[in-house]
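Data block below; observations after.
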Amino acid sequence: MDPRPVRHLISLDDLTDADLRHLVERGAQFSAGTAGPARPLEGRVAGIYFAKTSTRTRTAFSAGTLRLGGSIVTYGPGDLQTNTGETSEDTGRILSRMLDVLVARTAGDPAEMRAWADQRRMAVVNAMSADEHPTQALTDLTTLLRHFGRVDGLRILYLGEGNNTAASLALALTRYPDVEFELRTPPGYGLTEPVLTAARAQAARTGARLRERHDMAALPDGFDVIYTTRWQTTGTTKPDPGWRDVFAPFHVGLGLWDTSPKAVFMHDLPAHRGEEVAAEVLDGPRSIAFEQAENKLHSAMAVLEWCRPAAGS
Ligand code: CP
59 MDPRPVRHLI SLDDLTDADL RHLVERGAQF SAGTAGPARP LEGRVAGIYF
109 AKTSTRTRTA FSAGTLRLGG SIVTYGPGDL QTNTGETSED TGRILSRMLD
159 VLVARTAGDP AEMRAWADQR RMAVVNAMSA DEHPTQALTD LTTLLRHFGR
209 VDGLRILYLG EGNNTAASLA LALTRYPDVE FELRTPPGYG LTEPVLTAAR
259 AQAARTGARL RERHDMAALP DGFDVIYTTR WQTTGTTKPD PGWRDVFAPF
309 HVGLGLWDTS PKAVFMHDLP AHRGEEVAAE VLDGPRSIAF EQAENKLHSA
359 MAVLEWCRPA AGS
């Protein structure tokens, strides 16, 4: 087992500004085919543990590991002995003696991932927890860099729930100077106070701007990007039986394009056409949602390379 320390990615807060820029730029290099032929995971093993469903992220980290020369061990929701009462701490101690990287989606308490990461032999990567989706934000910024050639100074409108994807976007985008990140989230479904506080502190440092409102009034125009996510995050239902009425004003329809005629459309997928977004928008000429989905692979490769640095790097 390689004794050199590993880097965990559980929250965007685990990244320095330089780490974040490196991962986004490296993801764009993989996407552009200019990353070089290196196989930094040769002889290494990644555990791929998904307690929740996934099409993109699980495939991206599995295929990414294999493309970088590594091997994978996969676990589904019923496979680990945590189901029968083994502690998260013991699970991390054991897996770290056998794996180099653990990529995990729990959609639950991030403390579980922190417990797994309480060792220095196996990198732990958050493939989505209840509070954050950091690898999605890296994918999204990689996509912005590929499409616009920059992230600095972009104007991005986010419509929909202030969920884990929105939280990670807020924590990532506010690291970039002059970015304008405008969120319109349904009342009762906004970003959490800790995320707002952290993102606003970063924005004050970098000159980015973050605004959140819970209606569609006085919406600025001329955005570069309009972004939404599925209303039922990871397929979960909401306790309020009237939630669809609360979300309805935040639907991305064709009318929105009149106010931002140059904007591209982004979506982390999976999508529900006719719910959060009109089919004509998602499948239209200004949608880059499927390039964005492909960038999950390129961004995962950047993360895998970074979290277990090769000798000499
Ligand atoms: N966007 C995203 O995380 O997709 P999956 O749930 O399919 O991994």
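Following the working numbering from start to finish, the sequence shown increments by one per residue and tops out at 371. Beta carbons: idealized from backbone N, C-alpha and C, even for Gly. Note that this is a predicted model, so its numbers are computed, not measured.
Looking at S112 and the ligand CP, is the gap between the Cβ and the nearest heavy atom below 7 Å?
One-based indexing of the sequence shown puts residue 112 at position 54. Checking the Cβ of S112 against the ligand CP gives yes.
Neighbour-count burial assignment, L312, 16 or more Cβ in a 10 Å radius
As a working mapping, residue 312 is identified with position 254 in the sequence shown. Under this definition L312 is an exposed residue.
Is the beta carbon of T115 within less than 7 Å of some heavy atom of the ligand CP?
Taking the sequence shown and counting its residues from 1, the one referred to as residue 115 is at position 57. Indeed, a heavy atom of the ligand CP lies less than 7 Å from the Cβ.
Let me know if F108 comes out buried or exposed under the rule of 16 or more other beta-carbons within 10 Å of its beta-carbon.
Counting from 1 along the sequence shown, the entry for residue 108 is found at position 50. By the neighbour-count rule (16 or more Cβ atoms within 10 Å), F108 is buried.
Residue span of the alpha helix (DSSP H) that contains H80, given as start and end:
Mapped onto the sequence shown, residue 80 falls at position 22. Residues D75 to A90.
Applying the criterion that 16 or more other CB atoms from any shown protein chain within 10 Å of the CB defines a buried residue, is M359 buried or exposed?
In the sequence shown, the residue the question calls residue 359 occupies position 301. By the neighbour-count rule (16 or more Cβ atoms within 10 Å), M359 is buried.
Return yes when at least one heavy atom of the ligand CP lies under 7 Å from the C-beta of L70, else no.
Numbered from its first residue, the sequence shown carries residue 70 at position 12. No - the ligand CP has no heavy atom lying nearer than 7 Å to the Cβ of L70.
If you draw a straight line from the C-alpha of M59 to the C-alpha of I68, how long is it?
Sequence index remark: in the sequence shown, residue 59 carries index 1 (1-based). Sequence index remark: in the sequence shown, residue 68 carries index 10 (1-based). Because M59 carries a pLDDT of 49, less than 50, the predicted location of this residue cannot be relied on, and the following value inherits that uncertainty. Each residue's alpha carbon lies about 22 Å from the other.
Three-state class that DSSP yields for V209 in the structure shown
Looking up residue 209 in the sequence shown gives position 151. Three-state result, V209: coil.
Over the uninterrupted alpha helix (DSSP H) stretch that includes I152, give me the two end residues.
By one-based count along the sequence shown, residue 152 stands at place 94. S146 to L153 is the extent of the alpha helix (DSSP H) around I152.
State yes or no: is the C-beta of T197 within less than 8 Å of the C-beta of S357?
The sequence position of residue 197 within the sequence shown is 139, counting from 1. The sequence position of residue 357 within the sequence shown is 299, counting from 1. Cβ atoms of T197 and S357: closer than 8 Å.
Report the three-state DSSP secondary structure of A162 (helix, strand or coil).
Counting from 1 along the sequence shown, the entry for residue 162 is found at position 104. Strand at A162.
Heavy atom of the ligand CP within 7 Å of D198 beta-carbon
As a first step, residue 198 must be located in the sequence shown, where it is residue number 140. Not so, every heavy atom of the ligand CP lies at least 7 Å from the Cβ.
Count the other C-beta atoms from every protein chain shown that fall within 10 angstroms of the C-beta of P63, then say buried if there are 16 or more, exposed otherwise.
Position 5 of the sequence shown, counting from 1, holds the residue named residue 63. Classification for P63: exposed.
Does V103 come out as helix, strand or coil in the three-state DSSP assignment?
For the purposes of this step, residue 103 is identified with residue 45 of the sequence shown, where counting begins at 1. Correct three-state label for V103: strand.
Is there at least one non-hydrogen atom of the ligand CP closer than 7 Å to the beta-carbon of Q194?
Your numbering for residue 194 matches position 136 in the sequence shown. The answer is yes for Q194.
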